[in-house]
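This report concerns only the one structure given below.
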Amino acid sequence: MRLDDYDPGDDIRDLGRGGGGFGGGGGGMGGLLVGLLPMLLGRKMGCGTILLLGVLAFVFLGPGASLLSTGGGSADPMAQSRGAPQGVACDTAAEKFACNVFGSTHQVWGQLVDGYRKPTLNFFTDENRSGCGAAQAAMGPFYCPADQGVYLDTNFFNELASRFGAAGDAAQAYVVAHEVGHHIQTLTGISDKVRQMQARSSQAEGNALQVRMELQADCYAGVWANRARTKDGQPVMEPGDMEEAMRAANAIGDDTLMRSAGQRPVPESFTHGTSEQRMSWLRRGLETGDPRQCDTFNASR
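So for the sequence shown, this note's numbering puts the first residue at 9; every next one is plus one.
Below, the structure written as structure tokens:
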């Protein structure tokens, strides 16, 4: 990928490690369960993730587990991370790449969304805090609407390659752009509307709405990739990048992850969409570059 260097300001922070998380850390399945427990016990996080937390909870905890996010967050979101030891953002190769993608998303969405406000990009290691509660590496990258922040432990990029078979810089860029897509949903009011609908819905209906949210974020990631340009006008995407991003979308479909865990896919438990759906909506954004083509809520599937 061709990406300009982004000069980080107050929109990017390195939170380091700490903040009183729930323990567990790590990216393995056992750590994932620990990271999920607060939500299973009723914590209302309202965050958007790129990984299938709902599917993995179903695999390990059975069909009664609910990970439906319905908003919420702390009264003082920034207080969650105050006092944690902070480092210098964008000072590793993985962080620098994520910062450059993040900066590129501002250029694209600043032209497309009236009154655009930047989210924050928060790097952390193993565990920390967010305005939506615990931030743990085991949860994967996520967006918190309460503090309008993207949270990322860059070790996830290694997991993406080794565990999910989705290596490459375009796969990593897809992760960051997907989370920024959730920020666009917050700015445009889509997120609030969906949370209100979910509050009146059954678990299965709420999961179906969440799938549409996640597929739209996939499509928005594709819109960014289509429109992103360097300072000298060159497309950010190079030959082979689209295929890398599509492999990542395929690898983290709900049905694919359930089969990988030796389970039969249960559509009612899906929270992010099948591999085919994720690839389809990412491709739509990549090919059209038009956010108006990302209306997953009025699409048949």
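Even for Gly, the Cβ is constructed at its ideal location relative to N, Cα and C.
As the structure is a computational prediction, the values presented were derived from the model and not from experiment.
- C-alpha of S308 to C-alpha of Q119: approximately 29 angstroms in a straight line.
- Taking N258 as the centre and dropping the five residues before and after it, the same chain places the C-beta of S283 and M287 closer than 6 angstroms to its C-beta, in chain order.
- The C-beta of G270 has fewer than 16 other C-beta atoms within 10 Å across all chains shown, which makes the residue exposed.
- With respect to the 8 angstroms criterion, Q193 and Q224 are classified as neighbours on the basis of their beta carbons.
- With three or more CB-CB distances shorter than 8 angstroms, the region 178-188 counts as touching the region 222-236.
- Counting along the chain, the unbroken beta strand (DSSP E) around R137 starts and ends at E135 to S138.
- The three-state reading of DSSP puts L290 in helix, counting H, G and I together.
- For V158, the enclosing beta strand (DSSP E) starts and ends at G157 to L160.
- The Cβ-Cβ distance between V219 and F305 does not fall below 8 angstroms.
- Taking the CA atoms as reference points, P275 sits about 9 angstroms from G281.
- Looking from the CA of T133, the closest CA among G139, A143 and Y124 belongs to A143.
- Classified as buried, D161 has 16 or more neighbouring CB atoms from the shown chains inside 10 Å of its CB.
- Note on R235: 16 or more other CB atoms within 10 angstroms of its CB, so buried under the neighbour-count rule.
- Three or more Cβ pairs closer than 8 angstroms define a contact, and the region 249-263 falls short of that threshold against the region 195-211.
- Within the model, the alpha-carbon separation for A146 versus S170 is close to 15 angstroms.
- The DSSP-derived three-state label of T296 is helix.
- Classified as exposed, V96 has fewer than 16 neighbouring CB atoms from the shown chains inside 10 Å of its CB.
- Counting other Cβ atoms within 10 Å of its Cβ, S268 stays below 16 and is therefore classed as exposed.
- Restricting attention to E103, A154, T128 and Y159, the CA atom closest to the CA of D177 is found in E103.
- Residue environment: A207 is assigned as exposed (fewer than 16 neighbouring CB atoms within 10 Å of its CB, all protein chains considered).
- V183 is positioned such that its CB atom lies no closer than 8 angstroms to that of M9.
- Under DSSP, Y151 forms a beta bridge with G56 and V158.
- By the Cβ-count criterion, R292 is buried, with 16 or more other Cβ atoms from all chains shown falling within 10 Å of its own Cβ.
- For the region 101-141, the full-length alpha helix (DSSP H) segments reaching 4 residues or more read 101-120 along the chain.
- When secondary structure is reduced to three states using DSSP, D22 falls in the strand class.
- For L11, no alpha helix (DSSP H) encloses it, and the DSSP letter there is neither H nor E.
- Annotation: the continuous alpha helix (DSSP H) that includes K201 extends over I198 to A207.
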